[in-house]
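First up is the structure itself, then whatever we jot down about it.
Number of protein chains: 2
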Amino acid sequence: MKIDRHSIEQAHERIKPYIHRTPVFTSKSINEATGCQVYLKCENFQKVGAFKARGAMNAALSLDEEDLAKGLATHSSGNHAQALARAAKILGTKSFIVMPRTAPEIKKRGVRGYGGEIFECEPNLASREATLAEVIKKTGATEIHPFNNYDVIEGQATAAKELFADVRELDVIMVPVGGGGMLSGTALAAKYFSPNTKVIAGEPAGSDDAYRSLKSGKIEEAQSQSIADGLLTRLGDKTFPIIHEQVSEVITVTDEEILAAMRLVWERVKIVIETSSAVPLAALIKEKERFKDQRVGIIFSGGNVDLEKVLKLMTQ
Amino acid sequence: MKIDRHSIEQAHERIKPYIHRTPVFTSKSINEATGCQVYLKCENFQKVGAFKARGAMNAALSLDEEDLAKGLATHSSGNHAQALARAAKILGTKSFIVMPRTAPEIKKRGVRGYGGEIFECEPNLASREATLAEVIKKTGATEIHPFNNYDVIEGQATAAKELFADVRELDVIMVPVGGGGMLSGTALAAKYFSPNTKVIAGEPAGSDDAYRSLKSGKIEEAQSQSIADGLLTRLGDKTFPIIHEQVSEVITVTDEEILAAMRLVWERVKIVIETSSAVPLAALIKEKERFKDQRVGIIFSGGNVDLEKVLKLMTQ
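The listed protein sequences correspond, in order, to chains A and B. Taking this note's numbering, the leading residue of the first sequence gets 686, the next gets one more, and so forth. Taking this note's numbering, the leading residue of the second sequence gets 686, the next gets one more, and so forth.
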């Protein structure tokens, strides 16, 4: 599988009818807090409330008819689950979503709202993988991995592509990193559409596997301790090589820094972003001396929050 | 003072360099919850986080040089205070803001951030008015009332004017009502720019003075019991006649209905609106059978919230 300028353009055309071209916000308060010119790409306003709508849709649309008819499957308790269920519904096929039985009811309701069928498993990776294998065996559905899938990566690349089209001459683009779908997609979009833009990731310090992987040159295990619960995964064997080649730097931030950045956005930009979205902004604020007066794009990855939980965290 | 099509157009040109043309959002979730086509005019993204930036700026720009040089004064603990301080700063003059000593520190900081001078008073109307009179006597500043001022009303009218320009053939436009600045401005904008659009206000049931005033034909006292703390004022002798002539209806909603609507917006539209902003949406949801399939514009008046307070309300 080769992802290049042309294939990203094709992916973009493919998914355009099904996704929002999300707006780019600017904010005097954010510029003051960072000392930069910041451009906020608001994927919190994307369908299903997160950029995941892009990759899932592109992967679904890239299947041949026969495979598509058998349905789409994944294990995910996050935004990818809803994104995949939505893609299946739009394309008139089924989705089979493996979720830990401990997943919040609201996430399950979201998936069911798109007609997704949920298979509960134990809350550990072994059970998730075993359950998914069983579901696929039974249904013949195609697994669409949340990030370790070239069609998914290509779909995620379209967010940065839009930002580069809307805002010229960015010095830096910053995104969060978990499994690396958004980050590798952004890195490829920069390579082909804005080669002078540095790609930098923000990562929770409590799950700094991408930071360590970039140092060691191989995929490191994640420790998974952070409020940024969308970013607790290690990189995949498809995302890591792209990241290793294209990404300048990973900046890690504490949960406190993440919460402060998130609060700043809610209070001053007046938009709802999830913890993971606040990570690259927290990284920029932390290292702002280095980026003084630069033009910085940030992708706010999503806006799906449990309000009580997040308000409690922010106001502690 | 006559407000007409031409004077609103002039006001709009006058303030344009200093305000945002705020975006109009649509949301599948909101359309589903209401059974209407809803267009959300997002004044929460306005300068100082509220539509008040419009009226204050128009009033300030309408003063002659000599008066302007002596400064602007008001009593307000809300968004108008910041809006007026900002207008003064932009125009290179002073602002004198009378605030109850019990006003939240964050509001005072906001005013001081724009160079406003704060005069503390006791938290009652008599003390506010006496303190303001004293300040004006001492400084020669011009009072800019938060709503009972034709220049302010004319400025507020520009929000609805923009919405009518962006979205054609609205059946209804809904806004919150407190003192009536936004409501009377919206009513005049509808009269001159979209005469087939019905103007309807949402009001907290615990402070339903506008509802009662429209019934009785005279200004009724407010009781002032609601979480929508921007809407606890009675109408003014300048706003009431316009409202009486132009506004079809006031729909009252309980605090529970306001909170549910606010929560819907935060969770599904992913934007932060204040309690007052949620009132017209709550009204639409409450009476949705009557508006089925109509095209409804709603002005979200502002997005300045105390996150701690909102958490308490949502978890009660």
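Every residue gets a Cβ at the ideal spot worked out from N, C-alpha and C, and that includes glycine.
Secondary structure of residue i, DSSP reduced to three states
{"i": "B:K779", "result": "coil"}
{"i": "B:A1004", "result": "Limits of chain B in this structure are 686 at one end and 1001 at the other, which puts residue 1004 of chain B out of reach."}
{"i": "B:R919", "result": "coil"}
{"i": "B:F832", "result": "coil"}
{"i": "A:I904", "result": "coil"}
{"i": "B:P880", "result": "coil"}
{"i": "B:T787", "result": "coil"}
{"i": "B:L757", "result": "strand"}
{"i": "B:E802", "result": "strand"}
{"i": "B:V862", "result": "coil"}
{"i": "A:L774", "result": "Per the sequence shown, the amino acid found at residue 774 of chain A is Lys instead of Leu. Of the three classes helix, strand and coil, the one that applies to A:K774 here is helix, per DSSP."}
{"i": "A:D894", "result": "helix"}
{"i": "B:L848", "result": "helix"}
{"i": "B:K687", "result": "coil"}
{"i": "B:I912", "result": "coil"}
{"i": "A:N764", "result": "helix"}
{"i": "A:Q841", "result": "helix"}
{"i": "A:D752", "result": "helix"}
{"i": "B:T1000", "result": "helix"}
{"i": "A:T871", "result": "helix"}
{"i": "B:P808", "result": "coil"}
{"i": "A:T1020", "result": "The structure shown does not extend to residue 1020 of chain A, since chain A is modelled only from 686 to 1001, so the question has no answer here."}
Burial state of residue i (16 or more Cβ within 10 Å)
{"i": "A:D893", "result": "buried"}
{"i": "B:D836", "result": "buried"}
{"i": "A:I791", "result": "exposed"}
{"i": "A:S986", "result": "buried"}
{"i": "B:Q1001", "result": "exposed"}
{"i": "B:H830", "result": "buried"}
{"i": "A:P926", "result": "exposed"}
{"i": "B:A850", "result": "exposed"}
{"i": "A:L810", "result": "exposed"}
{"i": "B:R975", "result": "exposed"}
{"i": "B:R813", "result": "buried"}
{"i": "B:R919", "result": "buried"}
{"i": "B:K701", "result": "exposed"}
{"i": "B:E993", "result": "exposed"}
{"i": "B:E717", "result": "exposed"}
{"i": "A:E942", "result": "buried"}
{"i": "B:N729", "result": "buried"}
{"i": "A:E839", "result": "buried"}
{"i": "B:G988", "result": "buried"}
{"i": "B:K687", "result": "exposed"}
{"i": "B:T816", "result": "buried"}
{"i": "A:P965", "result": "buried"}
{"i": "B:T759", "result": "buried"}
{"i": "B:T882", "result": "buried"}
{"i": "A:K997", "result": "exposed"}
According to DSSP, residues forming a beta bridge with residue i
{"i": "B:E934", "result": "B:I885"}
{"i": "A:R853", "result": "A:R853 pairs with nothing; no bridge assigned."}
task: For the region 695-746 of chain B, list the beta strand (DSSP E) runs that are entirely contained and at least 3 residues long, ordered along the chain.
output: 722-727
field: Contained alpha helix (DSSP H) runs [length at least 4] in the region 954-997 of chain A, N- to C-terminal order
entry: Runs found: 960-971.
query: Given 8 Å as the limit, is there contact between the region 816-828 of chain A and the region 937-949 of chain A, that is, 3 or more CB pairs closer than that?
result: no
- prompt: Do the region 871-879 of chain B and the region 887-904 of chain B meet, that is, are 3 or more Cβ pairs less than 8 Å apart?
  reply: Touching, no, given that fewer than three Cβ pairs across the two stretches are closer than 8 Å.
message: I'd like to know if the region 729-740 of chain A and the region 767-779 of chain A are in contact, where contact means that at least 3 CB-CB pairs between them fall below 8 Å.
response: yes
- prompt: If we count Cβ pairs, one from each stretch, closer than 8 Å, do we get three or more for the region 911-922 of chain A versus the region 957-965 of chain A?
  reply: Contact between the region 911-922 of chain A and the region 957-965 of chain A is present, because at least three Cβ pairs lie under 8 Å.
- prompt: Are three or more beta carbon pairs between the region 879-891 of chain B and the region 929-944 of chain B nearer than 8 Å?
  reply: yes
query: Counting Cβ pairs closer than 8 Å, one from the region 743-761 of chain A and one from the region 855-868 of chain A, do we hit at least three?
result: no
query: Are at least three pairs of beta-carbons, each pair with one atom in the region 687-699 of chain B and one in the region 842-857 of chain B, less than 8 Å apart?
result: Yes, the region 687-699 of chain B touches the region 842-857 of chain B.
message: Measuring CB atoms only, is the region 703-712 of chain A touching the region 723-736 of chain A, in the sense that at least three cross pairs come out at less than 8 Å?
response: yes
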